[in-house]
Amino acid sequence: LEELRQGDKLGVVIFARSYMSQDAGANLGIAEKMAQLGVVPIPIDFLPLASIDPQDYSDRPYWFYESKYIAGAALTVSDPKMFGLALTNFGCGPNSFIHPIVEDIMGDKPFGQLEIDEHAAEAGIVTRIEAYVDTIKGFARSVPNYENPDRDIYRGVASLEKSSKKYIIPDMSIHGGFIAAAMRAYGVNAVVLPEANEQNLLYADRVTSGVECLPYRVTLGGFMRYYYDNGHDVKDVEAFMAGAFGPCRFGKYAIEQIRTLKDLGIDLPMRTATSNNAYRDVNLGLSFMRLAWKAGLTGDFMYKLIRRSRPYEREAGAAEALFEEYNRKITECIQKKGSLTKLQRQATADFKALIDPEIPRKPLVGINGEIFLRSNKFSNNNLVKVCENAGLEVIVSSIGEWLKYIIFRHIEDAARYRDVKKLFNGYVLKYVQDHDEQSIEKAFKELVEEREPTIAGVLSKTEQWLSTKCGSEAVLSIGTGIEWMEDSKIAGVISVMPHGCMPGGIVAAMSGRFSDLYGKPWINLTYDGFQETNNLDRINNFAEIIRFCSKGTVKADK
Numbered sequence: 085l086e087e088l089r090q091g092d093k094l095g096v097v098i099f100a101r102s103y104m105s106q107d108a109g110a111n112l113g114i115a116e117k118m119a120q121l122g123v124v125p126i127p128i129d130f131l132p133l134a135s136i137d138p139q140d141y142s143d144r145p146y147w148f149y150e151s152k153y154i155a156g157a158a159l160t161v162s163d164p165k166m167f168g169l170a171l172t173n174f175g176c177g178p179n180s181f182i183h184p185i186v187e188d189i190m191g192d193k194p195f196g197q198l199e200i201d202e203h204a205a206e207a208g209i210v211t212r213i214e215a216y217v218d219t220i221k222g223f224a225r226s227v228p229n230y231e232n233p234d235r236d237i238y239r240g241v242a243s244l245e246k247s248s249k250k251y252i253i254p255d256m257s258i259h260g261g262f263i264a265a266a267m268r269a270y271g272v273n274a275v276v277l278p279e280a281n282e283q284n285l286l287y288a289d290r291v292t293s294g295v296e297c298l299p300y301r302v303t304l305g306g307f308m309r310y311y312y313d314n315g316h317d318v319k320d321v322e323a324f325m326a327g328a329f330g331p332c333r334f335g336k337y338a339i340e341q342i343r344t345l346k347d348l349g350i351d352l353p354m355r356t357a358t359s360n361n362a363y364r365d366v367n368l369g370l371s372f373m374r375l376a377w378k379a380g381l382t383g384d385f386m387y388k389l390i391r392r393s394r395p396y397e398r399e400a401g402a403a404e405a406l407f408e409e410y411n412r413k414i415t416e417c418i419q420k421k422g423s424l425t426k427l428q429r430q431a432t433a434d435f436k437a438l439i440d441p442e443i444p445r446k447p448l449v450g451i452n453g454e455i456f457l458r459s460n461k462f463s464n465n466n467l468v469k470v471c472e473n474a475g476l477e478v479i480v481s482s483i484g485e486w487l488k489y490i491i492f493r494h495i496e497d498a499a500r501y502r503d504v505k506k507l508f509n510g511y512v513l514k515y516v517q518d519h520d521e522q523s524i525e526k527a528f529k530e531l532v533e534e535r536e537p538t539i540a541g542v543l544s545k546t547e548q549w550l551s552t553k554c555g556s557e558a559v560l561s562i563g564t565g566i567e568w569m570e571d572s573k574i575a576g577v578i579s580v581m582p583h584g585c586m587p588g589g590i591v592a593a594m595s596g597r598f599s600d601l602y603g604k605p606w607i608n609l610t611y612d613g614f615q616e617t618n619n620l621d622r623i624n625n626f627a628e629i630i631r632f633c634s635k636g637t638v639k640a641d642k
């Protein structure tokens, strides 16, 4: 670096993971090509990265290379002789959220990006590098003493606070309405945004690159749609978006959405609560948490009722109508802090009465994967209904599974760090969770046959194949998928993921092995919000394979 400052050459900092930047085969010899063009390539690790605190730029930089990139960008932009070039790969999920903050730090200073995969042509890369080098040389001549102007680029989000403001919550499923009702029961004016539609994506696609995960774009579009549909009036309104710390991009939603809304001139403050704190930073007390837990479980079982009855209903549309009726009744009951047991039992009886016992049971399949995508029918193109139309009955991993996993990890972390108070609180929460779940299971037992597996049981299936320390949806999807594959009543598994999803990619990479091992089909469906027919074809093929296999089994038994 000292030699660079004393000479007349420019330096180009390579923003890339070491397995990319240090492998000339993988990066098509980019460093050598830049050297031939008269600039000095600099691996990002050659910079004094420890001199920069990434938390000056973001309150949650949890990816290792994210912190490196933030520090590297801060050092690069402050040196008039250094510029940045990012090397990324097709479908790199973290970079879809890391690059925007790097771009903000770099400001008006040229920052190049190259996406390389196994199809990249060396000639095309050379042309782009030549254009990039011409750009930075021209910039250095025209702005020899560039100074990055002060701008507000900090990314951060506060926890929920009880106030008189209206809190708008993204639509995911009926769970959102039930949780909002629980919040209203404890003095928070929470409302769920209208059901997502194409307009959500039309708004979001104006301000995103398309590489962000679909749930991010759908929820961002929901906030934008609220703003424009209400005549730009968001006075005394705040948004609420749940969050997390960990490998999944979900933890970045709130901070990036705040940034985007600010850039659009939309003054819509946002609040969050993180799964790592077992969502206790909602700050509404333990009584609220218990009511929200019961509300979430009730939502799970209501979906089980409609999925169990709709493929066998006597009258088409009856199950949908009954579902909406109970949705309203349960919402009102939750808001009044009433007992849900009577409604739960009555709902079970009413849905059971819809079933025509003369219709034979259809093949049963399980759907797991990214929690928002599997739950939000707009995002997954109404996957459950598509499967039912293909002649299948469906079960879907519950929202309760994720909430139980959060407490499991809460206890695990407390034990690891010997935090006695946190450990005690975790066990109390787990006891209450288990007690309430058993009570609610009894209310629905007349129609809902399957029982939810324990988190310890799910992870015991996973750990044979993947360390459960990896966290994220992957450890749950692998465990539940294997549980289903071992269950003789379940004919196959569908895992869903947004485009570029890391946990989903792990599951997809391993699922072929499970399919071979258990002799059942396991397909992985990717959704990115664009019109497509490939998933529909794959689901129909999946259903046809299941029907064919079931016929073969019957003949063999005979």
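Quick note: the sequence shown uses our numbering, first residue 85, plus one each step. Ideal Cβ placement from N, Cα and C applies to all residues, glycine included.
- The C-beta separation of TYR141 from ILE220 comes to about 23 Å, leaving the pair out of contact by the 8 Å criterion.
- The count of Cβ pairs closer than 8 Å, one atom from the stretch 142-151 and one from the stretch 177-195, reaches three, so the stretches are in contact.
- Only exposed fits ASP107, as fewer than 16 other CB atoms lie within 10 angstroms of its CB.
- ALA274 sits in a strand when the DSSP states are folded into three classes.
- Judged by pairs of C-beta atoms under 8 Å, the stretch 366-376 touches the stretch 257-270, as three or more such pairs exist.
- Cβ-Cβ separation between GLY565 and GLU454: approximately 14 Å, too far for a contact (criterion under 8 Å).
- Nearest C-alpha to THR425 among PRO441, ILE451, LEU381: LEU381.
- Looking at ARG343, MET586, ILE98, the one whose alpha-carbon comes closest to that of GLN197 is ILE98.
- When the alpha-carbon of GLU485 is set against those of GLY383, LYS421, LEU352, the nearest one is in GLY383.
- Residue nearest to PHE528 within the set ASP518, GLU399, LEU389, SER544 is LEU389 (criterion: CA-CA distance).
- By the neighbour-count definition (other C-beta atoms within 10 Å, threshold 16), PHE181 is a buried residue.
- Membership of ARG355 in any alpha helix (DSSP H) is not indicated; the residue belongs instead to the beta strand (DSSP E) covering 354-356.
- Here the alpha carbons of VAL241 and ASP351 stand approximately 14 Å from one another.
- Excluding the 5 residues flanking it on each side, THR344 has same chain C-beta neighbours closer than 6 Å at VAL291, in chain order.
- GLY330 and ASP218 have their C-alpha atoms roughly 39 Å apart.
- Annotation for TYR149: ARG101 place their beta carbon closer than 6 Å to its own, counting only its chain and skipping 5 residues before and after.
- Note on the stretch 522-574: whole alpha helix (DSSP H) runs with a minimum of 4 residues are 539-546, 556-570, in chain order.
- In the DSSP assignment, GLN197 forms a beta bridge with ALA170.
- Secondary structure note for ASN608: its beta strand (DSSP E) is the uninterrupted segment 606-611.
- The beta carbons of ILE439 and TYR396 sit closer together than 7 Å.
- Under DSSP, the beta-bridge partners assigned to LYS250 are ASN273, VAL321.
- By a beta-carbon distance limit of 8 Å, LYS488 does not contact ALA498. Their separation comes to about 16 Å.
- Between VAL591 and ALA558, the gap from beta carbon to beta carbon is short of 7 Å.
- Secondary structure note for GLU477: its beta strand (DSSP E) is the uninterrupted segment 477-480.
- When secondary structure is reduced to three states using DSSP, ALA474 falls in the coil class, being assigned neither helix nor strand.
- Taking the Cα of ASN465 as reference, the smallest distance to any Cα among ILE495, ARG309, LEU131, GLN615 is reached at GLN615.
- Short of 6 Å from the beta carbon of GLU206, and not among the five residues preceding or following it, lie these beta carbons of its own chain, in chain order: LEU112.
- Boundaries of the beta strand (DSSP E) around VAL97: 95-99.
- Ranked by how close their Cα comes to the Cα of ALA170, the residues SER162, GLU116, PRO194 have PRO194 in first place.
- As the crow flies, the alpha-carbon of TYR216 is around 10 Å from that of MET118.
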